[in-house]
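Asker: Residue numbers (the UniProt record's numbering): 1 to 226.
C-beta: ideal position from N, C-alpha, C; glycine also.
Predicted model, so just to flag it, every value in this text is computed and none were measured.
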Amino acid sequence: MNVRRVESISAQLEEASSTGDSVEDELEMATVRHRPEALELLEAQSKFTKKELQILYRGFKNECPSGVVNEDTFKEIYSQFFPQGDSTTYAHFLFNAFDTDHNGAVSFEDFIKGLSILLRGTVQEKLNWAFNLYDINKDGYITKEEMLDIMKAIYDMMGKCTYPVLKEDAPRQHVETFFQKMDKNKDGVVTIDEFIESCQKVSNDSKGTIPFASLTAELSPASQPP
Ligand SMILES: [Ca+2]
Ligand SMILES: [Ca+2]
Ligand SMILES: [Ca+2]
1 MNVRRVESIS AQLEEASSTG DSVEDELEMA TVRHRPEALE LLEAQSKFTK
51 KELQILYRGF KNECPSGVVN EDTFKEIYSQ FFPQGDSTTY AHFLFNAFDT
101 DHNGAVSFED FIKGLSILLR GTVQEKLNWA FNLYDINKDG YITKEEMLDI
151 MKAIYDMMGK CTYPVLKEDA PRQHVETFFQ KMDKNKDGVV TIDEFIESCQ
201 KVSNDSKGTI PFASLTAELS PASQPP
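1) Is Ala105 near ligand 1 - that is, is its Cβ less than 7 Å away from at least one heavy atom of it?
2) Quick one: residues in its chain with C-beta nearer than 7 Å to the C-beta of Arg172, no 5 flanking neighbours on either side, listed in chain order?
3) Does the distance from the CB of Ile117 to the CB of Glu125 come in under 8 Å?
4) With a cut-off of 8 Å on the beta carbons, I'd call Leu133 and Ala97 a contact; round off their distance for me.
5) Using the beta-carbon count (16 or more within 10 Å), is Glu40 buried or exposed?
6) On the CB-based measure, 16 or more other CB atoms within 10 Å of its CB, does His102 come out buried or exposed?
7) Is Ile142 helix, strand or coil by DSSP?
8) Per DSSP, what kind of secondary structure is Phe107 in: helix, strand or coil?
9) Under 8 Å between the Cβ atoms of Leu53 and Glu43?
10) Check whether the Cβ of Glu194 lies closer than 7 Å to any heavy atom of ligand 2, and answer yes or no.
11) Closer than 7 Å to a non-hydrogen atom of ligand 1 - does that hold for the CB of Asp99?
12) To the nearest angstrom, report how far apart Lys186 and Glu145 are at their CA atoms.
13) Is it true that the CB of Asp99 sits closer than 8 Å to the CB of Asp156?
14) Can you find a heavy atom of ligand 2 that lies under 7 Å from the Cβ of Ile142?
15) Could you tell me the alpha carbon to alpha carbon distance between Glu76 and His174, rounded to whole angstroms?
As structure tokens, then:
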């Protein structure tokens, strides 16, 4: 999920929190009476309050009445935010990062766990989440190939209109730069420790920017000098 999207959800949350109780009542009907224990469990597992969870559940149900998001729906929602490019591949990787139990669907629980980390997680939690996104086959290592796949997906998502002067090999050059910074022991793969160490350094250098944001900026073509 990109930072802008996360911020917009965050703003919606704050706005919704200050509105009246009718939303809550409606949700009591819809969810709480059916699964009070599930909501309480989620409250314990996430950094959202019960009321926030109810608001988020309403939004989730609005977008996906079935209660789960499959990959196509996820891609559809995501493409609305990047209409100028092809976000299909990036959305696929994001979907897999949200689908923590790998059952091919993002449930409300999956969604909340991801969102809780992205909005309110510790630095460590955010970096773990980002690492998991880039580790496409989830074997605990980020390879150059995986990084290249992600990078190409980001470039596709940004679209040719936004970056018309990009050279064909720009993603590959970007990956080389990334690996030089991150692969401390030069064994050709980036471990979670190498990843966290490098990202925290980046975030210290950029003073106060949250690591996930600076990481996203770091990986996005826009920040790359010509
Ligand atoms: Ca799932
Ligand atoms: Ca891997
Ligand atoms: Ca390494």
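Answerer: In brief:
1) yes
2) Leu148
3) yes
4) 4 Å
5) exposed
6) exposed
7) strand
8) Per the sequence shown, the amino acid found at residue 107 is Ser instead of Phe. Here Ser107 sits in strand by DSSP.
9) yes
10) no
11) yes
12) 15 Å
13) no
14) yes
15) 28 Å
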